[in-house]
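Below: one structure, written as structure tokens.
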Amino acid sequence: MHPSSVAGGPDMILLEELHEGALFHQLQQRFQRDEVYTYTGNILVAMNPFKSLPIYDRGHVQQYRDQPLGSMPPHVFAIANEAYYNMMRSKANQCVIISGESGAGKTETTKLILSYLAAVSTQSSLVQEQILDASPILEAFGNAKTVRNDNSSRFGKFIEVQFTPEGAIVGAKILDFLLERSRVVAQSPEERNYHIFYNLLAGATPEERATWDLQPPSAFEYLNRSGCMTVEGTDDAKALKTIREAFATLRFTNTSAIFKCLAAILHLGNTVFVPDVQDGAAVADRAPLQRAARLLGLDGDKLLATLVQRSTVTRGETFVTPLSCAQAQDSRDALAKALYGKLFSWIVGFINETTKRDDSLPFVGVLDIFGFENFATNSFEQFCINYANERLQFFFNQHIFRLEQEEYDRENIAWHTIAFVDNQACIDLISKKPLGLLWLLDEEAGFPKASDATCLDKFHATHDKHAHYVRPKTKAPAFGVRHYAGEVTYQIQDFLDKNRDTLRTDLMEVMSESHEPFVAELFKMIDLSQLEELLASHPALKTALGGGTGGTSPSSGKSPTVGAQFHGSLSDLIATLAACDPFFVRCIKPNMQKAPGAIDRALVLTQLRCAGMLETIQVRKAGYAVRLPMVQLISRHAMLCASAGDPAITPAEACRRIMAQLPDALLGQWQIGLTKVFMKGQVDTALEVLRARKRHQYAAHIQSVVRGWIQRRRYAALLRQYTIAATAARVYVARRRRRRVLSGILRAQAAWRASRVRRVFRI
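Each number in my numbering corresponds to the 1-based position in the sequence shown with 347 added.
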């Protein structure tokens, strides 16, 4: 193996051997030295150490502050610093896209980036503290233990942190995506519901326990069926204390109402339905439902009636249809999911309102979104999650491969094409109108008699021959998709219901009539004009819904489906990312056991393969990570060469003269195109170092001139003082001399007179 591979250096671009084994060996060498970060040019690969490392304190923040990327050992702080100073320098929006599978460390990486941005902000403020304190709240309500990750994000978020021109944090905005609402009512074995339920039951005060009828997790059906109610190393009571403190920082005034909603959800889950004598449903024990109704400010009898029967209005006449036990249970679960989903949306909205900002100012955005998932059983949630990862991988490919190669061709830069895996066909299979899987699913959702089976038949009939679609060889109720990260089989069961995910109108009406103002606010009915206004403010969502069928058109009076909303939100997100200067952090999970120090070769290689890291290294090694418009290069670096400012020469010649100031060792690592200068990262770093050195020289010269001026003024003042003193001394000396002369004259006169008198007497 080549020495550069054995050494385990900080940047994989420097590898002489480009194959998967060399990549793994490089990462393994560094991982075993607790060096969990490695560069691929300006892309950061982060290995989850599954332990605490002493590299995130205030001292490390100061070490990376103001340092060009590559001048310090690889670190997430270096990426955050580069994004921050790029924003300050260009006044353009930046984004850090964090990707990786579940348990790879994306959420922790997000928190580290936010903490760094807060630390380097030019002044401390309440909004900084509020942005940081939003994290434990969002984690509590949006994260849960899964079989792969004890703190798995079950929603995606894009956090925009906004800055003043001077570099101070002034606001933030959180965009959330696809909360896994089904987890509220059911979890897979050895998984937990959302953290907040366990936090509340462990940390509630005695008064709260009595008022809200709280019991241990084992007493609640929504928590005990998975067989997992604790997480090793997690103190749920302490977590609730942290959440209360965060609520206070963010000035939440409805914390009690929030906790009451959570308690009501748990009591709803304990409501058991049994058949009644008329083939309808009744409750086995009214107590849990009455507790839920009391906490929600509802009439218990009315809530029960709405759960066990459906009311519909046709031509002004109301028809009541009894529901079976299974249907009543579905209604109960739908209510619990809707309540939690609306509660989560309200919390995100309140945080945004508290930290609201001026949209005209630049921001650094951090994207923390669910990683690619492939479980033993994959449902609609995994389908949406993996679709999101396909879109993000395509964005990565566009930025790293396709757009880069197209720009080299436009600028006449010498370049050789590198092949990469293009996943456009897979994205088209899922979302291209009118026959993409999402749109077929929406179409089926519009037919009352449609079922998961009819939907699956339509999938098979439409895409049986598609290269990325997999039809099972058996008659299993499933279908497969060949994603960029591997083939995934999806069970079609509940796809239609989860895509509709609507709460019956009569249940919505009951909840909106709650005597609890907070609950009534959550369930305010949105009329069609409000929906049109919402769509007008989200163009991608309107495009996604326009022309669709199956309850996705506003004019039809039906709610947009989950799939259509997610597709629209995702398109808006991609458009936002495309308008930013992106940085990428690829998080890698070293082993499935979450064991410190252990590294699984096959697992790591699979993740590197899925992330396209080998191709990325080839592109970064052959390409130019930094490209600056000529005008910008001249404006920033003209000080390096006096003749670069000559108006008689072309911008290209001015740039050539500037670049000529670089050491000969960097020749061949930059090229001048038609409108831009292309350079590798180390060239940009070298320019910044030369610029800093020249500025230091100028500063030293200015300081010497100023010091000389100060000394000359001081000398002139001293000279004036000396002249005055000398003049005074001369006057003083002259006066003393005059007095001595006069005294001598007087003595001489007296002696002469005395002599005359004595002479007279002698005569």
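Note that CB positions come from ideal geometry on N, CA and C, so glycine has one too. Remember, predicted model here, so these are calculated numbers, not experimental data.
Nearest-angstrom Cβ-Cβ length linking residue 785 and residue 774, presumed shorter than 8 Å: One-based indexing of the sequence shown puts residue 785 at position 438. One-based indexing of the sequence shown puts residue 774 at position 427. Contact flag wrong, Cβ pair sits at about 11 Å.
So the beta strand (DSSP E) residue 719 belongs to, where does it begin and stop? Residue numbering aside, residue 719 sits at position 372 when the sequence shown is read from its first letter. It is not in any beta strand (DSSP E) - residue 719 carries neither H nor E in the DSSP assignment.
Grab the span of the alpha helix (DSSP H) containing residue 868 for me, first residue to last. Counting from one through the sequence shown, the residue named residue 868 turns up at place 521. Run containing residue 868: 864-869, per the alpha helix (DSSP H) assignment.
Contact defined as beta carbons within less than 8 Å: I believe residue 500 pairs with residue 722. What is the distance between those atoms, to the nearest angstrom? Numbered from 1 along the sequence shown, position 153 holds the residue referred to as residue 500. Numbered from 1 along the sequence shown, position 375 holds the residue referred to as residue 722. Their Cβ separation, rounded to whole angstroms, is 16 Å, which puts residue 500 and residue 722 out of contact at 8 Å.
Using only alpha-carbon positions, find the residue among 383, 392, 413 and 474 that is nearest to residue 399. Taking the sequence shown and counting its residues from 1, one reaches residue 399 at position 52. When only C-alpha atoms are compared, the closest one is 383.
How should residue 625 be labelled, buried or exposed, when 16 other C-beta atoms within 10 angstroms of its C-beta is the threshold for buried? In the sequence shown, residue 625 corresponds to position 278, counting from 1. Flag for residue 625 reads exposed.
Can at least three beta-carbon pairs, one atom from the segment 648-665 and one from the segment 489-508, be found at a separation below 8 Å? no
DSSP has residue 523 in a bridge; who is on the other side? Start at 1 with the first residue of the sequence shown, and residue 523 comes out as number 176. Answer is 504.
What first and last residue would you give for the beta strand (DSSP E) that runs through residue 446? Here residue 446 is taken as the residue at index 99 of the sequence shown, counted from 1. Residues 441-446.
What are the uninterrupted segments assigned as alpha helix (DSSP H) that are 4 or more residues long and contained completely in the segment 704-779, given in chain order? 727-744, 750-757 and 771-778
Please report the distance separating the alpha-carbon of residue 1050 from that of residue 708. Numbered from 1 along the sequence shown, position 703 holds the residue referred to as residue 1050. Numbered from 1 along the sequence shown, position 361 holds the residue referred to as residue 708. Taking the straight line from one Cα to the other gives about 35 Å.
Contact under 7 Å by Cβ, residue 573 with residue 534: Here residue 573 is taken as the residue at index 226 of the sequence shown, counted from 1. Here residue 534 is taken as the residue at index 187 of the sequence shown, counted from 1. A contact, by the Cβ cut-off of 7 Å.
Is residue 458 helix, strand or coil when you go by DSSP? Position 111 of the sequence shown, counted from the start, is the residue given in the question as residue 458. DSSP places residue 458 in helix when its eight states are reduced to three.
What does the alpha-carbon distance come out to for the pair residue 441 and residue 1063? Translated into the one-based positions of the sequence shown, residue 441 becomes position 94. Translated into the one-based positions of the sequence shown, residue 1063 becomes position 716. When rounded, the distance between both Cα atoms is 54 Å.
Would a C-beta distance cut-off of 7 Å place residue 589 and residue 476 closer than the cut-off? Translated into positions along the sequence shown, residue 589 becomes position 242. Translated into positions along the sequence shown, residue 476 becomes position 129. Going by C-beta atoms, residue 589 is not nearer than 7 Å to residue 476.
Between the segment 997-1014 and the segment 386-400, can you find at least three pairs of beta-carbon atoms closer than 8 Å? no
Could you tell me the distance, in whole angstroms, from the CA atom of residue 421 to the CA atom of residue 385? Counted from its first residue, the sequence shown places residue 421 at position 74. Counted from its first residue, the sequence shown places residue 385 at position 38. In a straight line, the C-alpha of residue 421 is about 6 Å away from that of residue 385.
Roughly how far, in whole angstroms, is the beta-carbon of residue 416 from the beta-carbon of residue 1028, given that I think they are within contact range, below 8 Å? As a working mapping, residue 416 is identified with position 69 in the sequence shown. As a working mapping, residue 1028 is identified with position 681 in the sequence shown. Sure, about 6 Å apart at Cβ, within 8 Å.
Starting from residue 649, follow its DSSP beta bridges and name the residues at the other end. For this step, residue 649 is matched to residue 302 along the sequence shown. According to DSSP, which records beta bridges pairwise, residue 649 is partnered with nothing at all.
List the residues that DSSP assigns as beta-bridge partners of residue 1017. Residue 1017 sits at position 670 when you count from the first residue of the sequence shown. 1026.
I'd like to check one pair, residue 612 with residue 931: are the Cβ atoms closer than 7 Å? Counted from its first residue, the sequence shown places residue 931 at position 584. Counted from its first residue, the sequence shown places residue 612 at position 265. No, Cβ-Cβ distance for residue 931 and residue 612 is not below 7 Å.
Taking contact to mean 3 or more Cβ pairs, one atom from each stretch, closer than 8 Å, check whether the segment 463-483 and the segment 522-530 are in contact. no
On a CA-only basis, which of 701, 1103, 610 and 819 is nearest residue 517? Give me that one, please. Here residue 517 is taken as the residue at index 170 of the sequence shown, counted from 1. Considering only alpha carbons, the answer is 701.
Buried or exposed: residue 487, going by 16 or more other Cβ atoms within 10 Å of its Cβ? Taking the sequence shown and counting its residues from 1, the one referred to as residue 487 is at position 140. Result: buried.
Would you give the residue range spanned by the beta strand (DSSP E) that residue 838 belongs to? Taking the sequence shown and counting its residues from 1, one reaches residue 838 at position 491. Per DSSP, residue 838 belongs to the beta strand (DSSP E) from 833-838.
Can you list, in chain order, the residues of its chain whose CB lies under 6 Å from that of residue 453, leaving out five sequence neighbours each side? By one-based count along the sequence shown, residue 453 stands at place 106. Excluding residues within five positions, the ones whose Cβ falls inside 6 Å are 445, 447, 715 and 934.
Taking buried to mean at least 16 other C-beta atoms within 10 Å of its own C-beta, is residue 288 buried or exposed? Shown here, the chain extends from 348 to 1110; a query on residue 288 therefore has no answer.
Contact belief for residue 738 with residue 917 at Cβ below 8 Å, rounded distance in angstroms: Residue mapping note: residue 738 aligns to position 391 of the sequence shown, counting from 1. Residue mapping note: residue 917 aligns to position 570 of the sequence shown, counting from 1. The Cβ separation is near 6 Å, so the contact holds.
Proximity to residue 812 [Cα-Cα], best of 1071, 827, 799 and 927: Within the sequence shown, residue 812 is the residue found at index 465, counting from 1. Selected option, being the one with the closest Cα: 827.
First and last residue of the alpha helix (DSSP H) that includes residue 474? As a working mapping, residue 474 is identified with position 127 in the sequence shown. That run of the alpha helix (DSSP H) goes 473-489.
Secondary structure at residue 545, three-state DSSP: helix, strand or coil? Counted from its first residue, the sequence shown places residue 545 at position 198. Helix.
Own chain residues within Cβ distance below 8 Å of residue 621, not counting five before or after: For the purposes of this step, residue 621 is identified with residue 274 of the sequence shown, where counting begins at 1. 628, 629, 630, 631 and 672, listed in sequence order.
Run through DSSP, which three-state label would residue 664 get? Residue numbering aside, residue 664 sits at position 317 when the sequence shown is read from its first letter. In this structure, residue 664 counts as strand in the three-state DSSP scheme.
Is the separation between the beta-carbon of residue 854 and that of residue 670 shorter than 7 Å? Translated into positions along the sequence shown, residue 854 becomes position 507. Translated into positions along the sequence shown, residue 670 becomes position 323. Going by C-beta atoms, residue 854 is not nearer than 7 Å to residue 670.
Could you tell me the alpha carbon to alpha carbon distance between residue 362 and residue 950, rounded to whole angstroms? Locating residue 362 in the sequence shown gives position 15, where the first residue counts as 1. Locating residue 950 in the sequence shown gives position 603, where the first residue counts as 1. About 21 Å.
Could you give the DSSP three-state label for residue 618: helix, strand or coil? Counted from its first residue, the sequence shown places residue 618 at position 271. Looking at residue 618 - three-state DSSP - the assignment turns out to be coil, as it is neither helix nor strand.
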